[in-house]
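I have placed the structure first, in the form of structure tokens, so that the comments after it can refer back to it.
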Amino acid sequence: MGKRKIKINLATLVIFLVPFFSQAQGNFRKEADISIQQLISDYNSARENRNEDLLKRVLLVDIDQLVSSGEWRRGIEEALEGMRSSSTNNPGKRELEIEKIRYLNEQNAVVDTQYRIISENGNERNMWSTFIVVKTIEGWKIAAIRNMLPA
1448 MGKRKIKINL
1458 ATLVIFLVPF
1468 FSQAQGNFRK
1478 EADISIQQLI
1488 SDYNSARENR
1498 NEDLLKRVLL
1508 VDIDQLVSSG
1518 EWRRGIEEAL
1528 EGMRSSSTNN
1538 PGKRELEIEK
1548 IRYLNEQNAV
1558 VDTQYRIISE
1568 NGNERNMWST
1578 FIVVKTIEGW
1588 KIAAIRNMLP
1598 A
């Protein structure tokens, strides 16, 4: 086989494989986006309803959380205790709105959200939350949370 024929065959192979891999990547993102959106929704629902069983299902055991006060919560027990305390000290409706999902690879993603707590008197506390999520055998789970107050 001559060099010219090899180049043509290689070019043909690339032309046919690029759309295939692009389609596969597109399908991955579409399915992962849906799963991650559900994960964040489940987390928010668990916080709203103080459902620790659901929180334990969506959080990794070794989760770490940095809250807007600068407090670190390391591990599921510290995170749950801090979330209980936060819900008691900052009552209100919690809303998370996903702004962006950025995939580091097919098992890890960074999820940026707007986080609002709306008190009973209508006052809003607006923050940002970033979630690090990982795909496990059981599905997507939250590995880390970073809460920030806007500058």
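Heads up, the numbering used here is the position in the sequence shown plus 1447, with the first residue counted as 1. For each residue, glycine too, the CB sits at the ideal point set by N, CA and C.
Judged by their CB atoms, residue 1592 and residue 1485 are not nearer to each other than the 7 angstroms cut-off. Excluding its 5 nearest sequence neighbours in each direction, residue 1547 has C-beta neighbours in its own chain below 7 angstroms: 1559, listed in chain order. With a cut-off of 8 angstroms on Cβ pairs, the stretch 1541 to 1556 is not in contact with the stretch 1514 to 1533, counting fewer than three such pairs. When only Cα atoms are considered, residue 1499 and residue 1474 end up about 32 angstroms apart. Of the other Cβ atoms in all chains shown, 16 or more fall within 10 Å of the Cβ of residue 1576; this residue is therefore buried.
Distance check between residue 1571 and each of 1541, 1477, 1535 places 1541 closest, using alpha-carbon atoms only.
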